[in-house]
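Each residue of the sequence shown is one higher than the last, beginning at 18 in my numbering. Glycine included, C-beta positions come from ideal geometry on N, C-alpha and C. This structure is a prediction, so every number in the text was calculated from the model and none was measured.
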Amino acid sequence: MNFLGHIYLAGNDESLIIGNFIADFVKGKAYRKYPKDIQHGIQMHRQIDHFTDNHASFLKSNRRLFTKYRHYAGVITDIFFDHYLAKNWGEYHHTPLNEFAAQFYSLVYENYDDLPERVQYMFYYMRTHNWLYNYQYLDGISRTLQGLSRRTAFDSGMERAIEDLRQDYSWHEGNFKTFFRDIKSEFRPVTSQS
């Protein structure tokens with residue numbers, strides 16, 4: 018899962034949301050410098066990643082992309098799955114996606130000074146371009162993949178993965194739906210409609 022999936026699974030708990038959001042930027046035991054509630058969010062993020070990386074449906078999508086994108090295939094699959102979550106948002110959450118995103122951005126802004134510096138930098142772009150809301154659109158996913166590709170040390174080709182999404186759209190969506198049913202059952206977000 019990428020940002021939207023992690024935030025969704027954190028439910029209504031603001032500390033879990035912040036911890037899930039910053040976790041990729043907090044390495045190793047550095048999470049211990051944060052308050053306990055945020056530590057729980059960071060640990061939850063890591064548990065979600067472990068569950069995701071070992072789920073059969075995620076691995077099916079990942080394998081299809083691996084030949085072209087190698088170790089970036091998992092990142093691309095995460096982005097694809099956030100797209101399907103955003104596109105089908107009304108099936109999973111009672112708050113409209115635009116409101117959910119605005120509430121999240123407000124929460125992060127309230128905690129801005131406590132964020133790692135790299136998260137502060139990234140958050141500016143995330144909020145300005147409303148990433149969470151725009152994940153539902155193929156253009157939004159294309160921009161996300163282009164941005165990730167620009168930040169890789171060598172030519173990852175991630176910007177071309179939008180064509181793989183278009184080509185195998187229903188197939189990846191089927192994998193997402195099976196995966197998301199299972200991860201919701203595992204983590205039971207308190208805000209879901211199910």
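- Taking C-beta atoms as the reference points, Ile39 and Ile55 count as a pair closer than 9 Å.
- Apart from sequence neighbours up to five positions away, the residues of its chain that approach Tyr122 with a beta-carbon distance below 6 Å are Arg144, ordered along the chain.
- When secondary structure is reduced to three states using DSSP, His62 falls in the helix class.
- Each residue's CA atom was taken as its position, placing Leu124 and Glu31 some 7 Å apart.
- Non-local beta-carbon contacts of Asp99 in its own chain, meaning distances under 6 Å to residues more than five positions away in sequence, involve Asn19, Leu21, Gly22 and Tyr152 in chain order.
- Here Leu182 has Phe97, His100, Leu155, Ile158 and His189 as same chain residues with Cβ atoms under 8 Å from its own Cβ, once five neighbours each way along the sequence are excluded.
- Spanning the alpha carbons of Trp106 and Ile93 requires a straight line of approximately 20 Å.
- In the DSSP assignment, Gly164 falls within the alpha helix (DSSP H) that extends over Leu155 to Arg167.
- Bounds of any alpha helix (DSSP H) do not take in Asp30, whose DSSP letter is neither H nor E.
- Between the C-alpha atoms of Asp130 and Ile179 there is a straight-line separation of about 35 Å.
- In the three-state DSSP reduction, Phe171 falls in the coil class, being neither helix nor strand.
- His189: member of the alpha helix (DSSP H) spanning Tyr186 to Phe204, first to last residue.
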